[in-house]
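Note sheet for the following structure.
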Amino acid sequence: MNTITTDVLIIGGAGSGLSLAIFLNRLGISSWLVERHPTTSPAPKAHYYNQRTMEILREEGLADKIYELGTPAANMARVGWYTSLGGDGELDHKTIYLMDAFGGFSLAETYERDSPCRSANYPQLRLEPLLLEHARTSPLAHLNYHHELVSFVQDADGVTATVLDRDTELQYEVRAKYLIGADGGRKVGPALGIEMDGIPRLFDMVTVHFAADLSAYLDDDSPMIRWFLSPDKGGSWGSGVMVALGPEKYDRHSEEWLFHFAFQPDDPSQFDAESVVPRLRDLLKLPELEPRIIRMNDWKVQGVLARRYREGRVFLVGDSAHRHPPTTGLGLNSAIQDTHNLAWKLAAVLKGQADPSLLDSYEAERRPVGARNVNWALLTFQNHLVIDAGIGLIPGAPVEVNREAFRLLFSDTAEGATRRQRLHEVIQSQRTEFQAHDIEIGFAYENSPAIIPDGSAAPVKSPMGDEHIPVTRPGHRLPHAWVTRSGGTISTLDLVGRGRFVLLTSSRSLHWQKAAKSVVGAAVDVVAIGPGLDCEDPSGRWAALRGTEPDGAILVRPDGHVAWRAEDSDRSGQLAGAVKRILGRDAA
Ligand SMILES: Cc1cc2nc3c(=O)[nH]c(=O)nc-3n(C[C@H](O)[C@H](O)[C@H](O)COP(=O)(O)OP(=O)(O)OC[C@H]3O[C@@H](n4cnc5c(N)ncnc54)[C@H](O)[C@@H]3O)c2cc1C
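For the sequence shown, my numbering puts the final residue at 1733, and the numbers step up evenly by one.
Here is the structure:
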């Protein structure tokens, strides 16, 4: 059997696998990616990418392309709840509520303050080809579509896998130093016997991807997501959710749309066009609608977390490690953040800069984030039920009782005003999903061997996940501030990343330069920010955020998370030891 040799064998060529191949290439590491399908997935799954993901993709030069091709900011500034699109009844075509979301309107100032990137909306079925195109220009990424992992074994030095080329029906062997399960949990985790804890099937969903001209029924272009709560269907479980899919326009003139319906697991409804199209017409109150069905998918809402993210030389990333409801859009976002966390560690170990024990920090850091995301997505999924309560719907009550609740909500009476205020107050809890700024960019790593705590307390988290407090405390993502360099404006995040450790200081003294030169194993770049230094801080934002004396320093890992910090230059002699510890070389 033919044998291919590579550093990293990646199983799965979707969001996780492609992003890992791209990140590894940037770090000078070769990968062999196998994907059992001939192309990327045509299913309209993820579409929303939060600011942290966009910061990571910006590092690869991909963010501007996604902004250019995806939803304009003005068309993703809100979410809306409606009774229907059409119909001329008293409760038809009503807006139940509009909420600012994803950095839109009232949120803009905070979101813009905390990141150089806005969040983005671009369907996964179009993002994956973009990632693939980018990966194809990455010389160290060897991409093999229509190739399937059949089996694998590992030993002390590496992993040997058998792969089937589905075009030729011939099998070949791949010998790799590491194997990554980016396969959505289909093969690698189960083969290792890694159990998934949690809820394997909460609801069944069907997603319809269709083309139709809906412009005549829409009069507001600001919502990215439109929820339909039909007064005739008794609340959330008879409802649906709609998102514009472009590809040219993402406003009311969008050529394509996706619509998700929820089904109870014991619902006998059939997931076929014959039953779904009438259901779509009925819910939207558009009896004449003739959608061109492009694709239908059924999928299950689950909330599960892998008990382990690593077994020897095999790692799980993305959906193979955690699967959760799409609410809050954390799936592909955390998949890309997983691979970003793992890539630099694999590179440091493969290049001999770090001890293999550095790889233990992947599970220590990402599994708690995965656990939080599973729980958060379940919480925000369940939280849609409170909207029913906010409207005054009673589960199981006769249709007329619940229609009356809608009538009163829209009525021009004192009670109507009270009911609208109640809904407003209840629906504010949806900020856990649509304004989840801290959940999106505020995750931090605690109890990791690759982070050295400095004894400071973590900032108090807002319980609703919306308020983010940027800090340089070890474990946290480096805060963003605009600084200037050579006359241009850049983000502090532009100073770090790309496989390097960076030490940020605001001091002119040579202490830190000397300390950086004494580091063994990894290069540490020193960047001084302040008047007359490498970068200037004209707004004073960095000085307000840095959390150290001007002659202190902040050591930032290649993934943009702070690994260590020193209050002042008296501790400069500790830098080399800190890097050694982070890279696991002290254990070695
Ligand atoms: C309706 C819906 C809406 C969503 N919305 C969002 C959102 O807005 N934002 C967000 O971040 N996330 C969202 N998600 C979640 C997101 O789609 C997933 O988290 C994401 O696809 C995970 O990517 P992945 O690469 O880890 O896994 P997958 O996308 O499952 O890819 C795994 C790949 O591995 C391949 N594979 C499997 N077995 C083998 C084998 N033996 N050999 C070779 N290849 C193999 C598969 O063919 C597949 O291509 C949504 C999901 C759904 C269903």
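Think of the CB as a built atom: it goes at the ideal place given N, C-alpha and C, for glycine as much as any other residue.
Closer than 6 Å: residue i CB and nearest ligand 1 heavy atom
i       : result
PRO1478 : Residue identity check: residue 1478 is Asn in the sequence provided, not Pro. ASN1478: yes, Cβ under 6 Å from ligand 1.
ASP1328 : yes
PRO1368 : no
TYR1193 : yes
GLY1666 : no
LYS1394 : no
SER1161 : yes
ARG1730 : no
LYS1190 : yes
ILE1156 : yes
LYS1662 : no
VAL1298 : no
PRO1274 : no
HIS1467 : no
GLU1293 : yes
GLY1448 : no
HIS1182 : yes
ASP1464 : yes
THR1104 : This structure cannot settle anything about residue 1104, because the visible part of the chain is limited to 1146 through 1733.
TRP1105 : This structure does not reach residue 1105, given that the chain is present from 1146 up to 1733, and the question cannot be answered.
VAL1459 : no
VAL1153 : no
ARG1331 : yes
VAL1179 : yes
PRO1471 : yes
PRO1577 : Note on residue identity: the sequence assigns Thr, not Pro, to residue 1577. Outside the cutoff, so no.
Start and end residues, alpha helix (DSSP H) containing residue i
i       : result
ILE1725 : The amino acid at residue 1725 is misidentified as Ile; the sequence shows Lys. Its alpha helix (DSSP H) spans residues 1720-1727.
LYS1662 : 1656-1662
VAL1546 : 1544-1555
ALA1626 : Neither: ALA1626 is in no alpha helix (DSSP H) and is coded neither H nor E.
GLY1385 : No alpha helix (DSSP H) holds GLY1385; the beta strand (DSSP E) holding it covers 1385-1391.
LEU1275 : 1269-1281
ILE1584 : 1582-1586
ILE1370 : Segment 1368-1373 is the beta strand (DSSP E) holding ILE1370; no alpha helix (DSSP H) there.
THR1650 : It is not in any alpha helix (DSSP H) - THR1650 instead sits in the beta strand (DSSP E) that spans 1646-1650.
VAL1571 : 1559-1572
ASP1500 : Element bounds for ASP1500: n/a, residue is neither H nor E.
VAL1531 : 1530-1536
Unbroken beta strand (DSSP E) run spanning residue i, endpoints
i       : result
SER1479 : That residue, SER1479, is in no beta strand (DSSP E); its alpha helix (DSSP H) goes 1476-1495.
LEU1767 : Any question about residue 1767 goes unanswered here, given that the chain covers just 1146 to 1733.
MET1199 : No beta strand (DSSP E) contains MET1199, which is instead part of the alpha helix (DSSP H) from 1196-1204.
SER1176 : 1176-1180
PHE1348 : 1341-1356
MET1465 : The sequence given here has Ser at residue 1465, not Met. No beta strand (DSSP E) contains SER1465, which DSSP labels as neither H nor E.
ASP1152 : 1148-1156
VAL1224 : 1223-1227
GLU1293 : 1292-1299
GLN1316 : 1315-1326
ASP1310 : 1304-1310
ASP1396 : Counting along the chain, ASP1396 falls outside any beta strand (DSSP E), and DSSP gives it neither H nor E.
Paired residues, beta bridge with residue i - DSSP
i       : result
CYS1262 : DSSP lists no partner for CYS1262.
MET1751 : Missing from the structure shown is residue 1751; the chain here goes from 1146 to 1733 and no further.
HIS1287 : TRP1177
TYR1242 : TRP1226
HIS1134 : Since the first residue of the chain shown is 1146 and the last is 1733, residue 1134 is not available in this structure.
HIS1405 : THR1352, VAL1386
SER1636 : TRP1627
ILE1674 : CYS1680
**Report entry** the segment 1309-1318 / the segment 1193-1200 touching (three or more Cβ pairs under 8 Å)
**Finding:** no
Query raised in the report: Contact between the segment 1288-1298 and the segment 1172-1186: three or more CB pairs below 8 Å?
Result: yes
Report task. May I ask you to verify whether the segment 1480-1491 touches the segment 1339-1353, counting CB pairs closer than 8 Å and requiring at least 3? Result -> no
Query raised in the report: Are three or more beta carbon pairs between the segment 1581-1591 and the segment 1563-1570 nearer than 8 Å?
Result: no
**Report entry** the segment 1434-1444 / the segment 1326-1346 touching (three or more Cβ pairs under 8 Å)
**Finding:** no
Query raised in the report: If you pair each beta-carbon of the segment 1676-1684 with each one of the segment 1617-1625, do three or more pairs fall below 8 Å?
Result: no
Query - Meets three-Cβ-pair contact criterion under 8 Å: the segment 1367-1387 and the segment 1517-1536 - result: yes
Query raised in the report: Taking contact to mean at least 3 C-beta pairs separated by less than 8 Å, is the segment 1159-1166 in contact with the segment 1270-1280?
Result: yes
Report task. Evaluate the contact criterion for the segment 1351-1361 versus the segment 1392-1408: three or more CB pairs, one atom per stretch, below 8 Å. Result -> yes
Query raised in the report: Counting Cβ pairs, one atom from each stretch, are 3 or more of them under 8 Å apart for the segment 1597-1606 and the segment 1706-1724?
Result: yes
Query raised in the report: Is the number of C-beta pairs between the segment 1256-1269 and the segment 1453-1472 that are closer than 8 Å three or more?
Result: no
Requested in this report: Tell me, please, whether the segment 1441-1461 touches the segment 1504-1520 by the rule of three or more beta-carbon pairs shorter than 8 Å.
Outcome: yes
Query raised in the report: Does the segment 1632-1639 touch the segment 1598-1617, meaning 3 or more C-beta pairs lie closer than 8 Å?
Result: no
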